[in-house]
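Respectively, the protein sequence lines represent chains A and B.
Quick note: the first sequence uses my numbering, first residue -3, plus one each step.
Quick note: the second sequence uses my numbering, first residue 267, plus one each step.
For every residue, glycine included, the Cβ atom is placed at its ideal position computed from N, Cα and C.
No experiment lies behind these values; they were computed from the predicted model shown.
What follows is a short report on a single structure.
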Amino acid sequence: MKLDSKIPEGPIGDKWTKHKFKLKLVNPANRRKYDIIVVGTGLAGSSAAASLGEMGYNVKVFCFQDSPRRAHSIAAQGGINSAKNYRNDGDSVYRLFYDTVKGGDYRAREGNVHRLAEVSVNIIDQCVAQGVPFAREYGGLLDNRSFGGAQVARTFYARGQTGQQLLLGAYSALERQVNEGTVKQYTRHEMLDVVTIDGIAKGVVVRDLVTGEIESHSAHAVLLCTGGYGNVFYLSTNAQGCNVTAAWRAHKKGALFGNPCFTQIHPTCIPVSGDHQSKLTLMSESLRNDGRVWVPAKPGDKRVAADIPEGERDYFLERKYPSFGNLVPRDVASRNAKEMCDEGKGVGASGLAVYLDFADSIKRLGEDAVRAKYGNLFDMYAQITGENPYKTPMRIYPAVHYTMGGLWVDYNLSTTVKGLYALGEANFSDHGANRLGASALMQGLADGYFVIPATLSDYLAEIGPKAVDKNHPAFAEAVKSVKDQTAKLLAINGKKTANEYHKELGKIMWEYCGMARNAEGLKKAQKLIQELRADFWKNVKVSGEAEDLNPNLERAGRVADFLELGELMVVDALNRNESCGGHFREEYQTDENEAQRDDDHYAYVAAWEYKGDNQPEELHKEDLVFENVKLTQRSYK
Amino acid sequence: MAGNMNITLKVWRQKNANTKGKLVSYNAKDVSPDMSFLEMIDEVNEVLIKKGDEPIAFDHDCREGICGMCSMVIDGRPHGPKEGITTCQLHMRSFKDGDTITIEPWRAKGFPVLKDLVVDRSAFDRIIQAGGYISVNTGVTIDANAIAISKQDSDKAFDAATCIGCGACVAACKNASAMLFLSAKVSQLSLLPQGHPERKSRVENMLQQMEDEGFGNCSNTGACSVECPKEIGQEHIARLNREFIAAKASSDNV
Ligand SMILES: Cc1cc2nc3c(=O)[nH]c(=O)nc-3n(C[C@H](O)[C@H](O)[C@H](O)COP(=O)(O)OP(=O)(O)OC[C@H]3O[C@@H](n4cnc5c(N)ncnc54)[C@H](O)[C@@H]3O)c2cc1C
Ligand code: SF4
Ligand code: FES
């Protein structure tokens, strides 16, 4: 298989404009003859479904929650980037492009990233027109902040609930289309397979999560906007329902999976409190602007924070990175916290935490000022831990947060299966090996509002409006195979719950394929995952019935897919003999313990092809070409 | 790190919309005060699954108080005993060893029970469909800073917009009214100039939809705001009423 990224020719700033002009259009009168399925209602899915509905296409949209508004985009706190340059502080489309390629440690496509930066300015206009209440200044114009170590203030935000406000904007546009009759909405439905006819996507199989009924739906094109797969680690900042099932089943139907091992670990999360833990909560990155990170200088020091005198504390980020200090990028901050805990300097009962201390800021600014800035985060922390962060330092630890990898897509967001598209966190596209803060929301909305309406029309015009044959045997076959899997899961009747398997998988992934990886550990992990997967299919216990609301069955199906994805992530991490962004291979580091890239051998996207159950996947490489950005070693000293 | 609290749960179990439900008792053993309320139920469910019984069905997703999916009436109070938080944000340190806790679903005509603690809240989507938006298509070309909006109005609009659509307000109301939910959206959009062109039809259509869905009328008892995890205040209902009176005075819907 030859991977064609379809990046248009020409200067970087003209690619998207010229490409759009070349794309074919569908006559407005013909649009209602096309059926389009959108799976997922996060920023990517809601914006795509609403926009396509407005254009006049016939859209069906699916999500597993009880309302589209509950997709996990709702939980994003910090903000959304846009190259508006309202601050006149030197920002531009080109700078946002440059920062994103560099931040991704040079493992993203220049063409895609530039387009993202270009449309970022339209996103803000769109959202404001919808009534998204972004933060404003006293003069009435929009406020911006600097985020994640960026040197310009290009982040738009709505207090600590930016994702919520953006999603509610997209959701309202979607509901408007439901009212107009262009979009039909299927909530509490889970997609369990893609239907392909002669290798071309023509529909999906879904399970009605209330009745348990398995149905198929046909369409001219299918858009997967199903989010990230961070829950392969069991514990992450993702919602309980986040899963890889839709993407994984598409992968098994021929869609290549890009850079599966690229995951982002966020440095400031509330640490694990015990084995009962079901999820981790993010504490916004903005806290690092005013909090100082430290551990006791002596390993094994179990005194409470207040009893450790200043001279016996190690402000390790300030010590090691004097110029960036507490504001080093996410991957660097996370890795250093782990290193301290590995050295026995971790704090709290588990020893898996470092302090984030606001004492100096409270002294300098006063408690009220700190409360005004971070009050809701401090309350959230107190609620979860039972500790008062105004009096004792917060304890934080890194947690899995975002997955840069995902379904491989070309410039048009098409997967390697014709007619099947992937948008938002579900695709691998724009962030390379590390995503910058406030750029995921931007990408989801860019894909949905601005990219897919243009590129999908080109494909639809090419295939024509002829109705899809719903009686084609491919539909019945796909329904049958989903029913068989459901029956199989219920029939095993073993001893361990799906949740227990999920937890075990998470521990393996975190230990061997988490913040730091090495060849030996990865090989071990591969074996462990294979054994765990084999055991799952012999010994899992799923109670309840197929034809009923059965969350236990839903969970088991998702865990089954994670058990396959986990192995591919490990294989991908093992293949990439370099460190870059969120992928840190201990064997490949500079003298200063920073990630050591190998641009000569690994400046490519690793796209994996499924070859059958328990068969090794085949690697395809898409070489990355850098014509505008100069590859350099990141340094934050 | 299991804890040492033992709790008795009385949980509403109901097979589906067509069968009658009842309270069933369960023991939650070795509960740690650090557990969230939902993690405590997870553990009870693990035991049930291993026995081959059906786990307690409940809605949840983000587990950080923002998606609006979790929805339990705990000892008679939507989202439990603490104010300003959702069920998923409640921790077991708010209870003590030996407690008996009753857990029931939202109860309202507009929210039929689907199973156990899971209810159908799709009526809320339909209320939004009736007008909870600004009618703009993708691709507007008005610059975001073309209109200045006072920070005060914008902040107030934001406060209203923080509603998570959970439905606790309905569950708390003796009339099962959805007025607080409605008012949050109407208030947000009426405080912003972008929302003005449609303000009359919006409030009328959304209220009509609320009635059609079987929610009751508002009699200003204020219980909704007390239980609202986002502390959406009564002033939004007052604003909705003003919008409605103004709309009626010059209605286009005659
Ligand atoms: C706690 C947190 C904070 C964050 N903060 C920021 C931030 O400040 N700035 C930023 O830019 N990014 C942030 N991110 C990242 C960003 O929020 C996400 O990457 C982005 O919102 C993903 O959007 P999405 O539309 O791709 O997917 P999601 O919003 O996850 O939506 C996925 C959708 O797919 C549906 N779905 C999934 N599987 C199936 C299936 N099998 N069948 C049917 N439906 C399915 C779900 O129902 C859901 O509707 C944050 C992430 C987290 C977890
Ligand atoms: S108004 Fe409050 S209680 Fe009602 S749905 Fe919104 S957040 Fe929930
Ligand atoms: S689970 Fe999302 S608000 Fe409780």
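Across the stretch 471 to 499 of chain B, no CB contact with chain A closer than 7 Å is found for any residue. In this structure, PRO495 of chain B has its beta carbon less than 7 Å from a heavy atom of ligand 2. Rounded to whole angstroms, the Cβ separation of TYR90 of chain A and VAL625 of chain A is 10 Å, and the two are not in contact under 8 Å. The residue from A:ASP609, A:TRP290 and A:GLU176 with its alpha-carbon nearest to that of GLY307 of chain A is A:TRP290. Using a C-beta cut-off of 8 Å, the stretch 38 to 52 of chain A makes contact with the stretch 441 to 451 of chain A, since at least three inter-stretch Cβ pairs fall below that distance. In the three-state DSSP reduction, GLY461 of chain B falls in the helix class (H, G or I). In the three-state reduction of the DSSP assignment, LEU432 of chain A falls in the coil class, being assigned neither a helical nor a strand state. In this chain, GLU370 of chain B is not harboured by any alpha helix (DSSP H); it is covered by the beta strand (DSSP E) spanning 366 to 370. Short note on PHE377 of chain B: C-beta not closer than 7 Å to any heavy atom of ligand 2.
Its chain contains PRO347, ILE367 and THR368 as the residues whose beta carbon lies nearer than 7 Å to that of ASP341 of chain B, once the 5 sequence neighbours on both sides are disregarded; these appear in chain order. Our two residues, THR493 of chain A and LYS537 of chain A, have alpha carbons roughly 5 Å apart in a direct line. The residues PHE377, PRO378 and LEU380, in chain order, have a CB closer than 7 Å to that of ASP386 of chain B in the same chain once the five nearest residues on each side in sequence are set aside. At a cut-off of 8 Å between beta-carbon atoms, LEU137 of chain A makes contact with chain B. The alpha helix (DSSP H) runs of length 4 or more contained entirely in the stretch 269 to 350 of chain A are, from start to end of the chain, 312 to 316 and 326 to 338.
Against chain A, the CB of ILE400 of chain B has a partner CB under 8 Å away; the residue lies at that interface. Cβ contact annotation for SER416 of chain B (same chain, cutoff 6 Å, sequence separation greater than five): none. A distance criterion of 7 Å places the beta-carbon of LEU437 of chain A in contact range of ligand 1, judged by its closest non-hydrogen atom.
Residue burial annotation: LEU219 of chain A is buried, with at least 16 other C-beta atoms found within 10 angstroms of its C-beta. Assigned with DSSP and collapsed to three states, ILE525 of chain A falls in helix.
Distances from the alpha-carbon of ARG593 of chain A to those of A:GLY562, A:LYS617, A:THR628 and A:GLY608 put A:THR628 closest. Taking 8 Å as the cut-off, the Cβ atoms of THR274 of chain B and LEU304 of chain B do not count as close.
Using a Cβ-Cβ cut-off of 9 Å, SER116 of chain A is close to nothing in chain B; its nearest Cβ partner there is about 12 Å away. When the five nearest sequence neighbours on each side are left out, the beta carbons in the same chain lying within less than 6 Å of the beta carbon of LYS451 of chain B are those of GLY398, in order along the chain.
Listed as beta-bridge partners of GLN260 of chain A by DSSP are A:TYR398. The beta carbons of CYS576 of chain A and ALA429 of chain A sit closer together than 8 Å.
Interface with chain B (8 Å Cβ-Cβ cutoff): ARG28 of chain A is excluded. In the DSSP assignment, ASN384 of chain A forms no beta bridge with any residue. By the rule that beta-carbons nearer than 8 Å mark a contact, ILE315 of chain B touches chain A. At a cut-off of 8 Å between beta-carbon atoms, MET271 of chain B makes no contact with chain A.
Closer than 7 Å to some heavy atom of ligand 1: that does not describe the Cβ of SER116 of chain A.
Within the same chain, and ignoring the five residues on either side of ASP189 of chain A in sequence, the residues whose Cβ sits closer than 6 Å to its Cβ are VAL201, ARG245, ALA474 and VAL478. The beta carbon of ILE70 of chain A is closer than 7 Å to those of GLY159, GLN160 and LEU163 in its chain, skipping five residues each way along the sequence. For TYR398 of chain A, the distance from the CB to the nearest heavy atom of ligand 1 is below 7 Å. Pairing ARG367 of chain A with ASP375 of chain A, the inter-Cα distance amounts to about 9 Å.
Checking the DSSP bridge columns, you'll see LEU352 of chain A partnered with A:VAL289 and A:MET390. Contact between ASN77 of chain A and THR183 of chain A is ruled out by a C-beta separation of about 30 Å, above the 8 Å threshold.
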